[in-house]
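The structure appears right after this line, and notes come after that.
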Amino acid sequence: MAWSLPWARKAVTPAGPDLDADDAWSQHVSTLAAHGIPEPGSTVGGQPRRPATEADLQALYGVAPSFADLLPWVEYLPDSKSVLLEDGQSVAAFFELTPVGTEGREMAWLWQARDALENALQDSFDELDENPWVVQLYAQDEATWDNYLRGLTNYVRPRAQGSAFTEFYVRFFAHHLRAIAKPGGLFEDTTVTRLPWRGQVRRVRMVVYRRANASGASRRGQSPEQALTTICDRLAGGLANAGVKARRMEASDIHDWLLRWFNPHPTMLGPGADDRERFYALTRYPEEAEQGEIELASGDFAQRLFFGQPRSDVANGTWVFDGMPHRVIVMDRLRMPPATGHVTGETRKGGDAVNALFDQMPEDTVMCLTVVATPQDVLEAHLNHLSKKSVGETLASEQTRRDVQE
10 MAWSLPWARK AVTPAGPDLD ADDAWSQHVS TLAAHGIPEP GSTVGGQPRR
60 PATEADLQAL YGVAPSFADL LPWVEYLPDS KSVLLEDGQS VAAFFELTPV
110 GTEGREMAWL WQARDALENA LQDSFDELDE NPWVVQLYAQ DEATWDNYLR
160 GLTNYVRPRA QGSAFTEFYV RFFAHHLRAI AKPGGLFEDT TVTRLPWRGQ
210 VRRVRMVVYR RANASGASRR GQSPEQALTT ICDRLAGGLA NAGVKARRME
260 ASDIHDWLLR WFNPHPTMLG PGADDRERFY ALTRYPEEAE QGEIELASGD
310 FAQRLFFGQP RSDVANGTWV FDGMPHRVIV MDRLRMPPAT GHVTGETRKG
360 GDAVNALFDQ MPEDTVMCLT VVATPQDVLE AHLNHLSKKS VGETLASEQT
410 RRDVQE
């Protein structure tokens, strides 16, 4: 006998949704469209996607060309205080020069200083036909005061070091130096230079190197490091006689100079100037805890200079470091010999303005002057060849003959 329940039986609800995936997606898109929202993914690109190919798979494992691989510095050699270059044999020495003060000097004094520098360069290098000696001079204005403040701190007499007044004075003076190093200039000098004035220090660095032969031995049987040491001692003595102080740069000095060059505006720790200085302090060259300590193997000297990816802008002809474009301008010929102090010496410029040509360059400009020690007989043979070939009455021929005679 079947008993009937006094209430209606509840229909059994299916476990899954009653709509398939397509219907659910259509309803979702319709709901978004009703509120003015486009379909998800429609703004990314409406082009149909093609299937992946073998070339796409290989591209995932490809490595972009490295900018650091184009740089020649491999390792710093503390025994010879030199930098090993990419061929594994050649070495280079870095110096920081203290320029000769030329402000307010007479032209006769400038000519004497010029002759002394010329003699120092001519008498220091061996004139070689193959792989000659190369000297590169870098001049730039910097607004960093670490070296100046270090010298100021060391200048304090021992009895006053560590006192409250000394610490306050150094801290206050550091604040003053940072305040006057304002980008764009602190004020316009309308009296003397007629240019924007800014607190900065002009620093000159010199690099001396020679590409070693395939055998690695010189004509005197010296190693590349020994030959470099001999040339550098001779050059430093000649510069000292000319009144120029040359200080051999250590690994930390070289690293700090190049680190600021290739990382001009790091923003990893913040956008401010103090954040950049903190970045440079944290990424400085590691110090040896013990004498002769060997650090863990890592990248070479050039690779440890980069904390961002350099980018080449082919359309504008620039390299971009930290979002700041850099351009190289090459001066490959001169119409006449430059006068003494032509670039960095203070001379009178039309009217009553007295300034240096380098002061008129954009901020953070780096000037590089390359000198190659060429044998005199080779140079004279080249000049004689130019004199014989410069025939005719054209303006170019006459200028060439006049330049050769001078």
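Reminder that position 253 of the sequence shown reads as 262 in our numbering, one-by-one numbering, no gaps.
Beta carbons: idealized from backbone N, C-alpha and C, even for Gly.
Quick one: what does DSSP say residue i is sitting in, helix, strand or coil?
| i | result |
| --- | --- |
| LYS90 | coil |
| PRO334 | strand |
| ASN272 | coil |
| GLU297 | coil |
| PRO167 | helix |
| PRO233 | helix |
| THR175 | helix |
| GLU286 | helix |
| TRP34 | helix |
| TRP266 | helix |
| GLU112 | coil |
| GLU63 | helix |
| VAL83 | strand |
| HIS351 | coil |
| PHE182 | helix |
| ARG313 | helix |
| ARG410 | helix |
| ASP138 | coil |
| SER399 | coil |
| GLU389 | helix |
| ASP341 | coil |
| ARG187 | helix |
| HIS44 | coil |
| LEU278 | coil |
| ARG58 | coil |
| GLU292 | It is Thr, not Glu, that sits at residue 292 in the sequence shown. DSSP places THR292 in coil when its eight states are reduced to three. |
Look up residue i in the DSSP assignment and give the residues it is bridged to.
| i | result |
| --- | --- |
| VAL375 | GLN149 |
| ASP322 | THR327 |
| GLU105 | ARG214 and ARG256 |
| TYR70 | Answer is none; TYR70 lacks a bridge partner. |
| ARG219 | VAL100 |
| VAL143 | TYR218 and VAL381 |
| PRO205 | GLU197 |
For residue i, report the span of its beta strand (DSSP E) as first-last.
| i | result |
| --- | --- |
| ALA251 | It is not in any beta strand (DSSP E) - ALA251 carries neither H nor E in the DSSP assignment. |
| ALA362 | 362-365 |
| ARG357 | 355-358 |
Since residue i is in the alpha helix (DSSP H), which residue starts that stretch and which ends it?
| i | result |
| --- | --- |
| THR162 | 155-164 |
| ALA223 | Taken as a continuous stretch (DSSP letters only), ALA223 belongs to no alpha helix (DSSP H), as it is neither H nor E. |
| GLU127 | 116-133 |
Could you check how far apart the C-beta atoms of residue i and residue j are, in whole angstroms? I think they sit under 8 Å.
| i | j | result |
| --- | --- | --- |
| SER91 | ALA102 | 5 Å |
| VAL144 | VAL380 | 4 Å |
| LEU93 | VAL100 | 6 Å |
| TRP142 | ILE240 | 7 Å |
| VAL109 | VAL253 | 6 Å |
| ALA152 | GLN312 | ALA152 to GLN312, Cβ: 27 Å. No contact. |
| THR202 | VAL323 | At roughly 37 Å, the Cβ-Cβ gap does not stay under 8 Å, so THR202 and VAL323 are not in contact. |
| LEU378 | LEU146 | 4 Å |
Just to confirm, does residue i get its C-beta within under 7 Å of one of the non-hydrogen atoms of the ligand GDP?
| i | result |
| --- | --- |
| LEU130 | In the structure on display, the ligand GDP does not appear, and there are no ligands present to speak of. |
Using a Cβ cut-off of 8 Å (strictly closer), state whether residue i contacts chain B.
| i | result |
| --- | --- |
| LYS397 | Absent from the structure is chain B; it holds one protein chain and no more. |
Tell me whether the region 185-195 and the region 348-362 touch, counting them as touching only if at least three CB pairs, one residue from each stretch, are closer than 8 Å.
no
Quick test of the definition: if touching needs 3 or more C-beta pairs under 8 Å, does the region 111-124 touch the region 231-245?
no
Answer yes if the region 119-126 comes into contact with the region 195-211, meaning at least three C-beta pairs across the two stretches below 8 Å, and no otherwise.
no
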